[in-house]
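Only one structure is covered here, and it is reproduced in the block below.
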Amino acid sequence: MLSGASGSGKSTIVRKLMDRGCFRLQVSISATTREPRAGEIPDGSYYFRTREEFEADRDRDNFLEWAEVHGHLYGTPVGPVRDALARGICIILVIDVQGALNVRAKVPNAILIFVQAPGLETLESRLRARGTDDEATILKRLANARREVALADRYDHQILNDDLDRAVDDLAAILTRHQCGG
Ligand code: 5GP
4 MLSGASGSGK
14 STIVRKLMDR
24 GCFRLQVSIS
34 ATTREPRAGE
44 IPDGSYYFRT
54 REEFEADRDR
64 DNFLEWAEVH
74 GHLYGTPVGP
84 VRDALARGIC
94 IILVIDVQGA
104 LNVRAKVPNA
114 ILIFVQAPGL
124 ETLESRLRAR
134 GTDDEATILK
144 RLANARREVA
154 LADRYDHQIL
164 NDDLDRAVDD
174 LAAILTRHQC
184 GG
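Using our numbering, read the sequence shown as starting at 4 and increasing by one per residue.
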């Protein structure tokens, strides 16, 4: 599982890794009640759901974990995770810290990787450069980042994303070490 503050670059690192073409890796697609951002593909970036739809799925135990992050609900559909693990494929979950710690409680051999941005100033400038969030949301994401970074030492590995290619190499090396490379 990969966590890190908004703007740490975790999704970009995973996308770049998948572009390298690793056949034994799959990325989990989460469900969320947040609105799609420009460029996000429904059922590709996320399964975009209304709160009612999300809560119905949650009540049917369709999520491995779920959490409220920045005022929206996010959850990992359990079916694809079960299928991937049954086929011997590693599945990457890009989820927040609460979600990652909840998954670890259920799946003890899960690997937790935390992506660190070089500093809060960098996070702030990345969030502003992304241009997808209003000021209140940016401030909420920065406050959350401080809380998440404080929990990074509960993770098995940390990756510093000051250089994207090196961060992708670091992630690939960690996965290979855990027999998820290829
Ligand atoms: P964003 O709205 O920027 O895409 O994501 C906000 C936060 O929600 C990020 O920290 C992201 O990792 C987290 N997140 C995305 N999907 C899930 C999920 O399925 N479960 C949990 N717990 N967090 C998620």
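Quick reminder that beta carbons are idealized off the backbone N, C-alpha and C, glycines included.
Looking at C-alpha atoms only, which residue of the options is the closest neighbour of residue i?
i: ARG144; options: MET4, LEU5 and SER9; result: SER9
i: ASP99; options: ALA41, ALA155, ARG180 and LYS19; result: ALA155
i: HIS73; options: ASP46, GLN101 and GLU124; result: GLN101
i: MET4; options: ILE95, LEU167 and ILE141; result: ILE95
i: ASP1; options: GLY47, GLY78 and PHE51; result: Any property of residue 1 remains undetermined from this structure, which presents the chain solely from 4 to 185.
i: ARG157; options: ILE44, ALA170, ALA41 and ARG107; result: ARG107
i: PRO121; options: ALA113, VAL152, ASP137 and TRP69; result: VAL152
i: ILE114; options: ASP46, SER33, ILE177 and PRO39; result: ILE177
i: ASP86; options: ALA41, ALA139 and VAL30; result: VAL30
i: ARG150; options: ASP172, LEU88, GLY82 and LEU123; result: LEU123
i: TRP69; options: ASP168, PRO39 and VAL97; result: VAL97
Closer than 7 Å: is that where the CB of residue i sits relative to any heavy atom of the ligand 5GP?
i: THR79; result: yes
i: ALA70; result: yes
i: ALA6; result: The sequence given here has Ser at residue 6, not Ala. Correct: SER6 has its Cβ closer than 7 Å to the ligand 5GP.
i: VAL110; result: no
i: THR15; result: no
i: GLN101; result: yes
i: THR36; result: no
Is it buried or exposed, residue i, if we count other Cβ atoms within 10 angstroms and call 16 or more buried?
i: GLN182; result: exposed
i: LYS13; result: buried
i: LEU76; result: buried
i: GLY7; result: buried
i: ILE116; result: buried
i: LEU142; result: exposed
i: ASP60; result: buried
i: ILE44; result: exposed
i: ALA170; result: buried
Whole-angstrom Cβ separation of residue i and residue j, contact assumed at under 8 Å?
i: ASN164; j: VAL110; result: Their Cβ separation, rounded to whole angstroms, is 25 Å, which puts ASN164 and VAL110 out of contact at 8 Å.
i: VAL84; j: LEU104; result: That belief does not hold up - the Cβ atoms of VAL84 and LEU104 are roughly 16 Å apart, past 8 Å.
i: LEU28; j: LEU174; result: About 10 Å; that fails the 8 Å criterion.
i: ILE32; j: ASP22; result: Actually they are not in contact, since the Cβ atoms of ILE32 and ASP22 sit about 17 Å apart, beyond 8 Å.
i: LEU126; j: SER11; result: 7 Å
Using only the alpha-carbon positions, how far apart do residue i and residue j sit?
i: ARG129; j: ILE92; result: 32 Å
i: TYR49; j: ALA148; result: 21 Å
i: ALA132; j: THR179; result: 33 Å
i: THR53; j: THR35; result: 8 Å
i: ILE16; j: PRO80; result: 22 Å
i: ASP159; j: THR135; result: 31 Å
i: PHE57; j: ASP166; result: 36 Å
i: ILE162; j: GLU55; result: 36 Å
i: PHE51; j: ARG40; result: 11 Å
i: ARG37; j: ALA139; result: 15 Å
Is residue i near the ligand SAH, going by C-beta to nearest heavy atom under 7 Å?
i: VAL97; result: You won't find the ligand SAH in this model; what it holds is the ligand 5GP.
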